[in-house]
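Before any comments, here is the structure.
Numbering (the numbering used here), first residue to last: 76 to 165.
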């Protein structure tokens, strides 16, 4: 358990204060055609940071349906979590 917690702390340090860039299809005014899901965020983290995170551990407070910056919480371990910024561009 201590080893898993140590790994989670390392991932937290790598992601802390990071901004993940996402590109999505959208229309006028920055409104998206659909929404950004936790699976989209997990894939972007894997692509940009080479860190594999289970999509079930990603918590999006409200559906992301507009372009811009959004806060996303990731629960890495029992008492280890991190908040990242997801920047969605159209």
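Ideal Cβ placement from N, Cα and C applies to all residues, glycine included.
Residue 101 and residue 142: beta carbons closer than 8 Å?
In the chain shown, counting from the first residue as 1, residue 101 sits at position 26. In the chain shown, counting from the first residue as 1, residue 142 sits at position 67. Yes, Cβ-Cβ distance for residue 101 and residue 142 is below 8 Å.
Measure the Cβ-Cβ separation of residue 148 and residue 134 and say whether it is below 8 Å.
If you number the chain shown from 1, residue 148 lands on position 73. If you number the chain shown from 1, residue 134 lands on position 59. A contact, by the Cβ cut-off of 8 Å.
Using the three-state DSSP reduction, which class does residue 143 fall into: helix, strand or coil?
Against the chain shown, residue 143 aligns to sequence position 68. Correct three-state label for residue 143: strand.
In whole angstroms, give me the CA-to-CA distance for residue 81 and residue 104.
Within the chain shown, residue 81 is the residue found at index 6, counting from 1. Within the chain shown, residue 104 is the residue found at index 29, counting from 1. Whole-angstrom Cα-Cα distance: 43 Å.
Do residue 157 and residue 87 have their CB atoms nearer than 8 Å?
The sequence position of residue 157 within the chain shown is 82, counting from 1. The sequence position of residue 87 within the chain shown is 12, counting from 1. Cβ distance < 8 Å, so residue 157 and residue 87 count as in contact.
With H, G and I counted as helix, E and B as strand and the rest as coil, what does DSSP make of residue 87?
Along the chain shown, one-based indexing puts residue 87 at 12. Looking at residue 87 - three-state DSSP - the assignment turns out to be helix.
So the candidates are 137, 124 and 106; which of them puts its Cα closest to the Cα of residue 96?
If you number the chain shown from 1, residue 96 lands on position 21. It is 124.
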